[in-house]
Every structure is written in structure tokens, then in C-alpha cells.
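Here the structure is laid out as C-alpha cells; the discussion comes afterwards.
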Amino acid sequence: MATPSAHLTAEVERRHGAPDRRLRLGSSTFPVHSAVLAAASPVFASLFESFSDEEISLPAAGDAAASPAPPPAACDGRRVSLFLCLLYNHGSASIGSVDDALGVIELGAYWDCPSVLPAADAYLADDVLGSTSVLSYRQDRTYLYSSLAAGHVHRASVDGTQLFHYLSLAAKHKLRR
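Below, the structure written as C-alpha cells:
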């Protein structure tokens with residue numbers, strides 16, 4: 003898939019004119035405006051200052067050589083596309099699953115971009131309020147987010163510091179509301 007979302011490309015151009023940069027993640031390419039991303043994230047500001055190339059390759063999930071830290075597991079084309087939609091649409095893009103909401107939180111933390119967190123928080127709050135849900139963290143470093151009314155279990159692997167980070171981000175966001 004060369005471009006994850008034709009809708010994202012059209013929306014970016016409609017709101018901000020022609021993009022001046024492209025972010026590449028594997029085979030996915032994302033047209034972006036360096037000024038928009040730099041204003042939303044000091045990590046992107048630094049990235050755009052460091053590279054003058056029109057196309058910048060992002061490290062993929064699990065790339066241990068990435069600096070300063072390896073990207074999170076959520077760093078895939080679909081979730082990066084969702085992250086950018088939320089960023090450009092001021093949080094009004096639709097999140098479709100708990101895993102996507104957690105992925106947005108993970109990417110928002112990785113790229114120091116808090117403006118995407120309210121949408122993820124709202125999705126998770128609606129999911130929790132809409133059903134009986136359980137979040138459990140096990141010693142083997144996986145967590146289960148069970149939506150009992152829907153009869154399904156979301157399973158993902160995170161380490162203890164990531165889980166703590168998710169919970170502290172949620173707590174900070176709740177205090178700002």
C-alpha cells in the first residue's frame with residue numbers, strides 16, 4: 003500500500019495547501035506540512051530541523067537502532083495514518099477500536115504530541131462506559147482489556163513502564179478536563 007489514505011491526502015491539501023514534506027514508513031508514504039507537525043510536536047520540529055530532505059523515513063516498530071528510542075509497536079502505516087488524521091482534524095477523526103486508541107496514545111507519547119490524546123481518551127471512556135470492562139495486567143507483561151458485554155478480549159503486550167505511562171497519561175488528561 004503506497005498511500006494509506008487517499009482521504010488523508012485530500013484533507014491535508016484542502017486545509018493547508020500542498021504538503022512540503024513526506025514521511026515514509028516502510029511502503030507507506032504520508033504527505034505532511036512540516037509547519038503543522040512541528041507546531042504540534044517538538045519531536046517533529048527537531049526532525050524537520052535535522053533533515054532537509056523532502057522525504058523522511060521514519061523507523062518502523064521494533065527498530066532497535068532508532069534514536070533516541072525504538073518506536074512503539076503501534077508505529078505501523080494504519081495507525082500512523084490515524085494519528086495524522088487526528089492531528090490534522092483536531093481530534094475529530096474516528097477511532098475504530100481499543101487497540102487503535104491505545105496505539106494513538108502510544109504514538110502521541112512517542113512523538114510528544116498531546117493534541118491527539120483527547121480523542122483516544124474519549125474513545126476509551128465511551129468503550130468503558132458502554133460495557134463492563136476489565137483491565138488486568140499480568141506478570142508476563144501482557145494486559146487484557148476485556149469488553150465483557152461485547153464478548154471479546156483485546157490482548158496486547160506492553161512492558162510495565164508503558165502501562166504506567168498509559169495510566170499516567172490518562173490521569174493527567176482527566177485532570178485537565
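Residue numbers (the working numbering): 3 to 179. We treat Cβ as the ideally placed atom computed from N, Cα and C, and that holds for glycine.
Inclusion of A42 and C115 in the CB contact set at 8 Å is warranted, their separation being smaller than that value. As computed with DSSP, V34 is found in a beta bridge with R23. Buried is the label assigned to F85, since at least 16 other Cβ atoms lie within 10 Å of its Cβ. Counting only the Cα atoms, L89 lies some 14 Å from D123. In the DSSP annotation of this structure, the continuous segment of the alpha helix (DSSP H) that includes E51 starts and ends at 44–52. Close CB contacts of D78 within its chain, under the 7 Å cut and outside five residues either way in sequence, are with A63 (chain order). Closest in alpha carbon position to S59, among V38, P33, I107, is P33. The straight-line gap separating the alpha-carbon atoms of P61 and E108 is approximately 15 Å. S29: not part of any alpha helix (DSSP H); DSSP gives it neither H nor E.
DSSP places I107 within a helical segment (H, G or I) once states are collapsed to three.
Closest option to A103, judged by alpha-carbon separation, among V118, N91, H92, Y112: V118.
Shown here for A95: same chain residues with a beta carbon closer than 6 Å to its own, the five before and five after excluded, namely C87, L88 in chain order. S99 and V38 have their C-alpha atoms roughly 26 Å apart. Judged by DSSP secondary structure, S59 falls within the beta strand (DSSP E) whose first and last residues are 57–59. Here the C-alpha atom of E15 lies approximately 10 Å from the C-alpha atom of D22. Ranked by Cα distance from P74, the options Y125, N91, W113, S54 are led by W113.
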